[in-house]
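**Student:** Residue 133 in the working numbering sits at position 108 of the sequence shown, and the numbers go up by one each step. I'd like to ask you about the structure that follows.
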Amino acid sequence: MTRLSRTAASLMLSLPIVLLLGIFFVWPLLDVLLRSLNAHGLVSYAQPQFTLVNYEAIFRKKVLLVIIWQTVQIAFWATLFTTLLAFPTAYLFSRLSRRAAAIFIGLILMPFWVSIVVRLFALTAILSGNGIVNSAARLVQLGPFDLIFNTTGTVIGMVNYLLPYLILILYAGMVGIDGNLIAAAKTLGARPWKAFVEIYMPLVRPTLLSGILLIFVISLSFFLTPAVLGGPQDMTVAVYIEQQVNIYSWGVASAIAIVLLVSTVVGYAAVLRLSGAVPVAGVGVVAGKGISDHGPLRMSPLAVLLWLAAGASFITLFLPMVLVFPMSIGTTQNVLFPPQGFTLDWYARVFEDTTWTDPILKSVTVGVGTAILSTSIALAFARVVAAIRSSTLRSIAYAAVFAPLITPAILLAIGEYDVQTRLNLTGSTVGLIFAHSTIALPLAFAIISNALLNIDGALEPAAWTLGASRTRAFWAIVARAIAPSIGGAFVVSFMTSWDEVIIALFQAGFSKTLPLTIYSYLQSGIVPTVPAVASMLVALIVVGTIATWIVVGRISSRSASGRHSAEWTA
26 MTRLSRTAAS
36 LMLSLPIVLL
46 LGIFFVWPLL
56 DVLLRSLNAH
66 GLVSYAQPQF
76 TLVNYEAIFR
86 KKVLLVIIWQ
96 TVQIAFWATL
106 FTTLLAFPTA
116 YLFSRLSRRA
126 AAIFIGLILM
136 PFWVSIVVRL
146 FALTAILSGN
156 GIVNSAARLV
166 QLGPFDLIFN
176 TTGTVIGMVN
186 YLLPYLILIL
196 YAGMVGIDGN
206 LIAAAKTLGA
216 RPWKAFVEIY
226 MPLVRPTLLS
236 GILLIFVISL
246 SFFLTPAVLG
256 GPQDMTVAVY
266 IEQQVNIYSW
276 GVASAIAIVL
286 LVSTVVGYAA
296 VLRLSGAVPV
306 AGVGVVAGKG
316 ISDHGPLRMS
326 PLAVLLWLAA
336 GASFITLFLP
346 MVLVFPMSIG
356 TTQNVLFPPQ
366 GFTLDWYARV
376 FEDTTWTDPI
386 LKSVTVGVGT
396 AILSTSIALA
406 FARVVAAIRS
416 STLRSIAYAA
426 VFAPLITPAI
436 LLAIGEYDVQ
446 TRLNLTGSTV
456 GLIFAHSTIA
466 LPLAFAIISN
476 ALLNIDGALE
486 PAAWTLGASR
496 TRAFWAIVAR
506 AIAPSIGGAF
516 VVSFMTSWDE
526 VIIALFQAGF
536 SKTLPLTIYS
546 YLQSGIVPTV
556 PAVASMLVAL
566 IVVGTIATWI
576 VVGRISSRSA
586 SGRHSAEWTA
C-alpha cells in the first residue's frame with residue numbers, strides 16, 4: 026500500500042469521529058461561547074457581536090459571586106472528606122495480600138457502576154428527617170440532625186460519588202512503592218512513623234496531590250447531587266446555569282459556563298503536570314504487589330484505625346445500595362423505612378405502567394445505539410492512532426478524543442440542546458444517541474486503543490504476505506485478538522448512556538429515559554415503584570459483577586493450567 030493510499034485510508038477512518046465531535050461537541054461549545062459574548066445571549070454567525078458585558082456581570086453581581094464561593098466551599102469540603110476516607114482505605118488495601126486487595130477493589134467498583142440517581146434516591150431516604158440516621162439518633166436521645174437540602178447533604182452525596190475514584194487513584198500509586206525502602210529505613214533505626222513520613226509520603230505525594238486536585242476539579246461542576254440533596258441557599262454554579270437556561274436567560278449563564286470550562290481545563294492541566302512531574306512510585310514500579318510484599322500489615326492500633334476508616338468507606342458506598350430493597354417491599358403508598366408490611370406488587374406494576382416501560386425501552390434503545398456508534402468509531406480511530414509515529418500528532422489525537430470527558434456536563438448539555446434544537450433533533454432517540462456518543466466515545470477509545478498497543482504487531486503483516494487482504498487480516502487477526510476489549514468498550518458505552526441524566530434532561534422532551542424518570546420523581550415526590558426500579562438496577566449490577574468475577578476467575582484458572590501444562594511438558 027502506498028503512502029497516499031494509507032493517508033486516504035486514515036482520513037476515511039477518521040471522518041466519523043471528526044463529524045461526531047465536530048457537530049456534537051465543537052459546535053455546541055462554540056454556540057455557548059458566542060452566546061456568552063453577546064449582550065443578549067443570542068447566537069448569530071452572520072453578524073456576531075462581541076462584548077464582555079456578561080463576563081463583567083459575573084464579578085459585578087453579588088449573587089453570582091456568592092454562588093461561585095458556595096461552589097468552591099462545597100467542592101473543598103467534599104474533597105477534604107473524600108480524602109480523609111480514601112487515603113487510609115487505599116493504604117490498607119495496598120498492605121493486604123494480592124487476593125484480598127483484589128476482592129476489596131472489586132467491591133469498591135460495584136457501587137461505582139450503580140446509577141447516580143439510584144444512589145441519590147437512597148441518600149434522600151437515609152438523610153431525611155425520618156431517615157435511618159435520624160431514627161438511630163433518636164434511639165440514643167440525639168438529634169434530629171439537619172442532613173438534607175443543605176450543604177451537609179450535598180457534601181455527603183458528593184463523597185459517595187467521588188470516593189471510588191480517589192481510592193482507585195491512590196491505590197494505583199501506593200502499590201507501586203517499593204517496600205524495600207521502608208524496610209531499609211527501619212533496619213537503619215528509623216521508627217515506623219518516621220519512615221512513613223520521610224520515606225513513604227514523599228513517594229506517594231505526587232499521586233495524592235494530583236488525586237486531590239482531580240477530585241476538587243470534578244466537584245466544581247457537580248449538578249445532580251446539589252440539585253437533589255442541596256437547598257436554595259446552597260446553589261452551585263451548575264444548578265444556576267440550568268435554571269437560567271430554563272428561562273432562556275443565556276447570556277450570563279453561558280459566560281459562567283465558559284468560566285467553569287476554563288477552570289476545569291486549567292485544573293486538569295495542573296493534574297497532568299503534577300502527576301507527570303515525578304514518577305508515581307518515585308523509584309519505579311515493583312513487579313509484585315507493592316509494600317505488602319515486604320511488610321504485611323500486623324494488628325496494631327494503626328491497623329485498627331485503618332480498618333475503621335475502610336469500614337466507614339464501605340458504609341458510605343454500600344448503605345445506599347443495600348437500603349433500596351427494603352424500601353421497595355412496603356405495602357404503603359408512602360416510601361418508608363423500615364417498611365410496613367410486605368409485598369412485591371410494586372415490581373409487577375413497573376412492567377405494567379407505561380410510565381416505566383416506555384423509559385426503560387428508551388434507555389435500552391439509546392444505550393444500544395450509543396454503544397454501537399461509540400464502539401465502531403472508537404475502533405476505527407484507535408486503528409488510525411496506533412499507526413501514528415509522531416508523538417506530537419498522537420498527543421493531539423488523544424487530546425481531541427478525551428476533550429468531552431473533561432468538559433463540565435452542564436456546559437455540554439446546554440450546548441447540545443442549543444445545537445440539536447437547530448437540527449430539529451431535540452427529543453429524538455437519534456439526537457440522544459449522538460449526544461451520548463460524545464461522552465461514551467473517550468472511554469470506548471481508551472479501552473480499544475490500549476488493547477491494540479498490547480497485541481503483536483507482526484501478526485497482521487504476516488497475514489498480508491500470505492495473501493490475506495488488509496480488511497480480512499484486520500477482522501480475522503486484530504479484531505479477534507482484541508474481541509474482549511471491543512466487548513468491554515460496548516458495555517462501558519452502554520452503561521455510560523444508561524446512567525446519563527444531565528444531557529437527557531435538556532434533550533428528552535416528553536420521551537424520558539429511565540434515569541431521567543427517576544430524577545423527575547426525586548424532584549416531584551417519590552412513589553413506591555421508584556425503589557422497586559432502583560432495586561432491580563442494583564440487582565443487575567450485583568449479578569453482573571459476580572458473573573464477571575466468575576468468568577475472569579475461570580479464564581485465569583485456565584490460563585494458569587495451560588502454563589503449568591506447558592512447563593510440565595517442556
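In this text, a Cβ means the ideal position worked out from N, Cα and C, and glycines have one as well.
(1) Below 8 Å, how does it come out for the stretch 213-220 and the stretch 87-103: are there three or more Cβ pairs, yes or no?
(2) Measuring alpha carbon to alpha carbon, tell me which of 528, 121, 173 and 406 ends up nearest residue 440.
(3) For residue 306, does the count of other Cβ atoms within 10 angstroms reach 16, so buried, or fall short, so exposed?
(4) With three or more C-beta pairs closer than 8 Å as the rule, is the stretch 486-494 touching the stretch 425-434?
(5) DSSP three-state label for residue 519, please.
(6) Quick check on the burial criterion: 16 or more other C-beta atoms within 10 angstroms. Buried or exposed for residue 77?
(7) For a test of the three-state rule: what should DSSP assign to residue 350, helix, strand or coil?
(8) Where residue 70 and residue 56 are concerned, what is the direct C-alpha to C-alpha distance, given to the nearest angstrom?
(9) Could you give the distance in angstroms between the alpha-carbon of residue 572 and the alpha-carbon of residue 66?
(10) Taking the C-alpha atoms as reference points, what is the distance between residue 386 and residue 454?
(11) Could you check whether residue 188 and residue 338 sit closer than 8 Å to each other, using their CB atoms as the reference points?
(12) Sorted by chain position, which residues of the same chain lie with C-beta nearer than 7 Å to residue 402's C-beta, five sequence neighbours on each side aside?
(13) Could you tell me the distance, in whole angstroms, from the CA atom of residue 618 to the CA atom of residue 543?
(14) Let me know the alpha helix (DSSP H) ranges lying completely inside the stretch 334-403, each 4 residues or longer, listed in chain order.
(15) So what's residue 226 in DSSP terms, helix, strand or just coil?
(16) Roughly how many angstroms separate the alpha carbons of residue 304 and residue 380, rounded to a whole number?
(17) Counting only runs that start and end within the stretch 475-547, where is the alpha helix (DSSP H) found for 4 or more residues in a row?
(18) Specify the secondary structure class of residue 74 as computed by DSSP and reduced to three states.
(19) I'd like to know whether the C-beta atoms of residue 200 and residue 119 end up nearer to each other than 8 Å.
(20) Could you check where the alpha helix (DSSP H) with residue 24 kicks off and where it finishes?
(21) Quick test of your reading: residue 346 and residue 139, contact by CB under 8 Å. State the CB separation rounded to the nearest angstrom.
(22) Applying the criterion that 16 or more other CB atoms from any shown protein chain within 10 Å of the CB defines a buried residue, is residue 524 buried or exposed?
(23) I need the DSSP call for residue 37, collapsed to helix, strand or coil.
(24) Can you list, in chain order, the residues of its chain with a C-beta nearer than 8 Å to that of residue 249? Leave out the 5 residues immediately preceding and following it.
(25) Roughly how many angstroms lie between the CA atoms of residue 342 and residue 480, to the nearest whole one?
(26) Output the distance between the C-alpha atoms of residue 309 and residue 60, rounded to the nearest integer angstrom.
(27) Run through the stretch 218-273 for me and flag every whole alpha helix (DSSP H) of 4 or more residues, listed as ranges in chain order.
(28) Whose C-beta lies closer than 6 Å to the C-beta of residue 384 among residues of the same chain, with five residues either side of it excluded?
(29) Of all the options 366, 356 and 510, which has the alpha carbon lying nearest to the alpha carbon of residue 374?
(30) Just to check my reading of the structure: residue 52 and residue 444 have Cβ atoms closer than 8 Å, yes? What is that Cβ distance to the nearest angstrom?
(31) Which residues in the same chain as residue 264 place their Cβ atom closer than 6 Å to its Cβ, once the five residues preceding and following it in sequence are excluded?
(32) I need the DSSP call for residue 56, collapsed to helix, strand or coil.
(33) In whole angstroms, give me the CA-to-CA distance for residue 82 and residue 464.
(34) Span of the alpha helix (DSSP H) holding residue 160?
(35) Is the CB-CB distance between residue 242 and residue 292 below 8 Å?
(36) Can you tell which of 546, 184 and 54 has its C-alpha closest to the C-alpha of residue 111?
**Tutor:** Put simply:
(1) no
(2) 528
(3) Because residue 306 carries a pLDDT of 34, less than 50, the predicted location of this residue cannot be relied on, and the following value inherits that uncertainty. Its Cβ being crowded by 16 or more others within 10 Å, residue 306 is buried.
(4) no
(5) helix
(6) exposed
(7) coil
(8) 9 Å
(9) 51 Å
(10) 11 Å
(11) yes
(12) 41, 42, 45 and 466
(13) Residue numbering for the chain in the displayed model covers 26 to 595; residue 618 lies beyond these limits and cannot be assessed.
(14) 370-375
(15) helix
(16) Only weak support exists for where residue 304 lies, its pLDDT of 37 falling under 50; the value from the coordinates is given anyway. Taking the straight line joining both Cα atoms gives about 52 Å.
(17) 484-490, 495-498, 508-524 and 527-532
(18) coil
(19) yes
(20) The question about residue 24 has no answer, for the chain in this structure spans 26 to 595.
(21) 6 Å
(22) buried
(23) helix
(24) 141, 142, 145, 526, 527 and 544
(25) 36 Å
(26) With a pLDDT of 34 at residue 309, under the threshold of 50, the modelled position of this residue cannot be trusted; read the value that follows with caution. If I take the Cα positions, the gap works out to 49 Å.
(27) 226-245, 249-254 and 262-271
(28) 537, 538, 539 and 542
(29) 356
(30) 5 Å
(31) 251 and 252
(32) helix
(33) 31 Å
(34) 157-164
(35) yes
(36) 184
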